[in-house]
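Using our numbering, the letters of the sequence shown map in sequence onto residues 3 to 357.
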Amino acid sequence: TADNLRSRGFLPPGFFLRLITKVIAWSQQTSDNSNVKLLYKSLAIVFFGGQRFRMQCVPFLNSIRVDIEGRSPIAVLERLQEHVSEVINVSMHNLKFTVRMAHSAGKSAVGSPVQWIQRQLIDSDSSSQSGMSFLALEKVRQCLKNRQHFVDDEGSTLLTLDNLLDKYKVWTKSYGTLEKYDVFLSYRQSPVDSPLVAAVFDRFSLFNITTSQRAIEVFLDNQRLEKGREFRDDFSKALTHSAVVVPFLSTKSMERMLKHDAESVDNVLVEWILALVCYNNKELQAMTHIRILPILLGPPDSNNERRRPFSFADIDLVPCILINHRVVLVIVMVLCCRYSTIGNDSDCKGYSEIQ
């Protein structure tokens, strides 16, 4: 409750200013806009990338209020949490922080969370504080993940699952199979390549595009594929329904291809073949609009810290593998017909921003 935040919370003097300094520095690195729209001692309106948000110091709640525009606020929230942690690690090691979601029950006299906070900033002694709650975001996410109602400390249902989905779903990460993707990451699982690809997935997933500020939908096998399903069918559908395919072409990814066995299925090779067939065939290209943006990765150095330059000589070692392109073409056509959501220009909106 508001009373708990006031009595148990603590916002150190100068914390907001230190945080704003980091936020503005990051904004200058990521935004092409005029990155600071408004800046006061206790209020700032800033851009991260193309996404605008407002930060306001709320002393009477020992809190910092954040309002984020767009359909996918998680990118800004997680970056802000990183900056908060950085400030704490530098000079306030024992300080802890939590993310809370303002909630008012029904259409009470309290009004909306925004109206209530604005009133309290003018008159913090107002008696209307009793109708406002601040829900822990982690608990909200846990309830949504487990498909449960939100229950308060006294065992009463504060929000039903439907209410949670309606109000707070945008604050959760929801990975699983989708009808279409912006980016498909194709790689060979290995101790060398997998961590890098996971980091690329995170960076893409925490970036928003188009005027609606929606999240980039990225396919990564260990995040999207579900147990109990036919994974080759799922990743083939995902690839043919992606705007951009990103193959990670590394020494590690080609090791198995150097000793290709026609009797066994190499899923990475299958993905690359499907991508090339969709890209090179005019009819399929008209349906899928696929672009291919390969990333070339050399082997790591002796300290496993940096990548050495990619050696094109490695490609010459890969044996020529004869592929029945007609069979592959039929397979891709079947996939495109089976999943007919593909093939309109709206699938590729935002591609230029991804690029």
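Where a beta carbon is used, it is the ideal one built from N, C-alpha and C, also for glycine.
Nearest to residue i by alpha carbon, out of the options?
i       : options                               : result
Leu-137 : Leu-146, Glu-156, Val-101 and Val-172 : Val-101
Asn-191 : Lys-254, Lys-43, Asn-305 and Gly-51   : Rather than Asn, the amino acid found at residue 191 in this sequence is Gln. Checking every option, the nearest Cα to that of Gln-191 belongs to Lys-254.
Pro-249 : Arg-310, Asp-195 and Gly-72           : Asp-195
Val-69  : Gln-287, Ser-252, Leu-45 and Asn-96   : The sequence shown places Asp at residue 69, rather than the Val named in the question. It is Leu-45.
Trp-28  : Ala-104, His-85, Val-92 and Asp-235   : His-85
Asn-224 : Tyr-189, Ile-275 and His-243          : Tyr-189
Val-142 : Ile-26, Met-103 and Phe-186           : Met-103
Val-60  : Arg-8, Leu-271 and Gly-52             : Arg-8
Thr-3   : Met-134, Asp-155 and Val-185          : Met-134
Asn-6   : Thr-32, Ser-65 and Thr-23             : Ser-65
Leu-146 : Lys-24, Phe-17, Val-92 and Asp-168    : Asp-168
Arg-226 : Ala-200, Val-246 and Ala-245          : Ala-200
Ser-238 : Leu-139, Pro-302, Phe-203 and Lys-182 : Lys-182
Glu-219 : Thr-179, Arg-234 and Phe-62           : Thr-179
Thr-290 : His-95, Ile-297 and Cys-280           : Cys-280
Asp-303 : Ile-297, Lys-171 and Phe-312          : Phe-312
Gly-1   : Arg-54, Ser-93 and Lys-98             : The first residue shown for the chain is 3 and the last is 357, placing residue 1 beyond what the model contains.
Ser-74  : Lys-24, Leu-41, Glu-88 and Tyr-170    : Tyr-170
Ile-297 : Thr-242, Gln-287, Val-202 and Lys-98  : Val-202
Pro-301 : Phe-186, Pro-193 and Glu-273          : Pro-193
Leu-21  : Gly-157, Ser-87, Gly-72 and Ser-266   : Ser-87
Ile-294 : Leu-166, Leu-187 and Gln-58           : Leu-187
Glu-140 : Leu-166, Asp-268 and Ser-266          : Leu-166
Asp-268 : Val-246, Arg-234 and Leu-278          : Arg-234
Gly-11  : Phe-99, Val-185, Ser-244 and Ala-245  : Phe-99
Arg-205 : Ala-240, Arg-81 and Ile-26            : Arg-81
Asp-184 : Gln-58, Asp-155, Ser-158 and Phe-221  : Phe-221
Just list the residues that DSSP pairs residue i with in beta bridges.
i       : result
Thr-159 : Val-153
Ser-135 : His-105
Ile-70  : Phe-55
Ile-1   : Outside the displayed range of the chain (3 to 357) lies residue 1, so it cannot be described from this structure.
Leu-183 : A small correction: the amino acid at residue 183 is Tyr; Leu does not occupy that position in the sequence shown. Answer is Ser-244, bridged to Tyr-183.
Pro-302 : Arg-309
Ser-188 : Pro-249
Val-60  : Ser-65
Ile-211 : Arg-216
Please go through the same chain and pick out, in chain order, the residues whose beta-carbon is closer than 8 Å to the beta-carbon of residue i, but skip the five residues on each side of it.
i       : result
Leu-79  : Val-68, Ile-70, Val-101 and Trp-173
Leu-198 : Phe-250 and Leu-299
Leu-19  : Lys-43
Pro-14  : Met-94 and Leu-97
Gln-287 : Cys-280 and Tyr-281
Give the DSSP-derived three-state secondary structure of residue i in the structure shown.
i       : result
Ala-217 : strand
Ser-252 : strand
Val-25  : helix
Phe-55  : strand
Arg-310 : coil
Leu-166 : helix
Phe-49  : strand
Ile-275 : helix
Val-92  : helix
Val-194 : coil
Lys-43  : coil
Gly-352 : Any reading at Gly-352 must be qualified, since the residue scores a pLDDT of 41, below 50, and its modelled position is unreliable; no value is offered.
Ser-266 : coil
Asn-283 : coil
Phe-12  : coil
Leu-146 : helix
Thr-100 : coil
Thr-174 : coil
Thr-3   : coil
Please work out which residues of its chain come closer than 6 Å, Cβ to Cβ, to residue i, disregarding the five sequence neighbours upstream and downstream, and give them in chain order.
i       : result
Ser-252 : Asp-195 and Leu-299
Ile-63  : Correcting the residue identity first, residue 63 is Leu in this sequence and not Ile. Taken in chain order, the residues that qualify are Leu-7.
Ile-90  : Leu-97
His-2   : As displayed, the chain neither begins before 3 nor continues past 357, which places residue 2 out of reach and without an answer.
Arg-54  : Glu-71
Can you give me the Cβ contacts of residue i inside the same chain, cut-off strictly under 7 Å, excluding the 5 residues immediately before and after it?
i       : result
Lys-284 : none
Leu-271 : Met-259
Trp-274 : Ser-188 and Pro-249
Lys-24  : His-85, Glu-88 and Val-89
Stretch-stretch touch, CB-based, cutoff 8 Å, three pairs: the region 160-169 with the region 143-152: Three or more Cβ pairs closer than 8 Å define a contact, and the region 160-169 meets that threshold against the region 143-152.
Meets three-Cβ-pair contact criterion under 8 Å: the region 258-267 and the region 295-310: Three or more beta-carbon pairs separated by less than 8 Å are not found between the region 258-267 and the region 295-310, which leaves the two stretches without contact.
Inter-stretch contact at 8 Å, needing at least 3 Cβ pairs: the region 212-222 / the region 261-277: The region 212-222 vs the region 261-277: no contact.
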